[in-house]
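Asks: My questions all concern the structure below.
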Amino acid sequence: MGRRSGVLEFAVLGLLHDAPMHGYELRKRLNILLGTFRALSYGTLYPCLKSLVAQGFLVEDNPDVEYVPATALNGKRSKIVYRLSAEGKQRFEELLADSGPDAWEDEHFGVHFAFFGQTDRAVRMRVLEGRRSRLEERLERMRNSLARARERFDDYTVELQRHGLESVEREVRWLNELIETERSNRTGRTGPATGGDSTGEPHKTSDGRGQETGSSDPSGPPYDRPGRSAQER
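Mapping to this note's numbering: the sequence shown position 124 is 646, numbers consecutive.
See below:
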């Protein structure tokens, strides 16, 4: 399975884990979650849904009703509602537990982060630390490139590279803060957004985009939305 199709599968299973949805509503939710790197059409989503149904991960309610796109004339929408099967729930749990190198990449990390509230703390830690390690490697390459650019390119090209470097540096600082928050938490399945620990003392919390409530930094974190790469910012 390709990298992007794997991201889509994970996102579909994660959204349907919350509640069954018909295709129209699911596409809207996916565009919010994945729209930072892909404009998702129903023509892209439909084969993924059919594949997940064929694999036994999804169940179709009213499967005999064909999808009809809504228009001003017919006012129709898909009557097919998709829900997770027992196998689909197990598959989603397996994807949640994946903390390997793919989970550290730009597209995968954003989707993993979107479902951190359902992810074990040990897995969250491995993903965050892996992401930080990946970005630190990127920083080293970018700093070397910037040093060479000052000798070879005009000021505007150098400034563009410097801007990209600073974006990655901000994300690394954000990850450092999240990792410290995770280390201070004492529960197994409570994300940074819940705050608190066994002492009852509140922690700084994430609003889902990486912004800590109560933070005095007006610039905010590098992640506007899940999945957005440092270079795109």
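We treat Cβ as the ideally placed atom computed from N, Cα and C, and that holds for glycine.
Which residues in the same chain as Arg672 place their Cβ atom closer than 6 Å to its Cβ, once the five residues preceding and following it in sequence are excluded?
Replies: Around Arg672: Val680.
Asks: Excluding the 5 residues flanking Thr709 on each side, which residues of the same chain have their C-beta closer than 6 Å to its C-beta?
Replies: Bear in mind that the predicted position of Thr709 carries a pLDDT of just 46, short of 50, making it too unreliable to give a figure here.
Asks: Would you tell me roughly how many angstroms separate the C-alpha atoms of Ile756 and Gln577, rounded to the nearest one?
Replies: Lying outside 523 to 755, the shown extent of the chain, residue 756 is not represented and no answer is given.
Asks: What do you get for Leu682, buried or exposed, if any count of 16 or more other CB atoms within 10 angstroms of its CB means buried?
Replies: With fewer than 16 other Cβ atoms within 10 Å, it is exposed.
Asks: Can you check DSSP and say which residues form a bridge with Met543?
Replies: According to DSSP, which records beta bridges pairwise, Met543 is partnered with Tyr604.
Asks: Please report the straight-line C-alpha distance between His539 and Arg684, rounded to a whole angstrom.
Replies: Going by the C-alpha atoms only, they are around 41 Å apart.
Asks: Helix, strand or coil for Asp624? Go by DSSP, reduced to three states.
Replies: Looking at Asp624 - three-state DSSP - the assignment turns out to be helix.
Asks: Please report the distance separating the alpha-carbon of Leu618 from that of Asp642.
Replies: Taking the straight line joining both Cα atoms gives about 8 Å.
Asks: Rounded to whole angstroms, what is the Cα-Cα separation between Asp677 and Leu650?
Replies: Using only the alpha carbons, I get a separation of about 34 Å.
Asks: Between the stretch 527-536 and the stretch 625-640, do at least 3 Cβ pairs fall closer than 8 Å?
Replies: Yes, the stretch 527-536 touches the stretch 625-640.
Asks: Run through DSSP, which three-state label would Asp642 get?
Replies: Note: Asp642 maps to coil in three-state DSSP.
Asks: Quick test of the definition: if touching needs 3 or more C-beta pairs under 8 Å, does the stretch 686-694 touch the stretch 653-669?
Replies: Contact holds: three or more Cβ-Cβ distances are below 8 Å.
Asks: Among Leu580, Lys601, Asn584 and Trp626, which has the Cα closest to the Cα of Ala608?
Replies: Minimum Cα distance to Ala608 is reached at Leu580.
Asks: For the candidate residues Met664, Arg605, Val645 and Gly686, whose alpha-carbon lies nearest to that of Gly622?
Replies: The shortest C-alpha separation from Gly622 is found at Val645.
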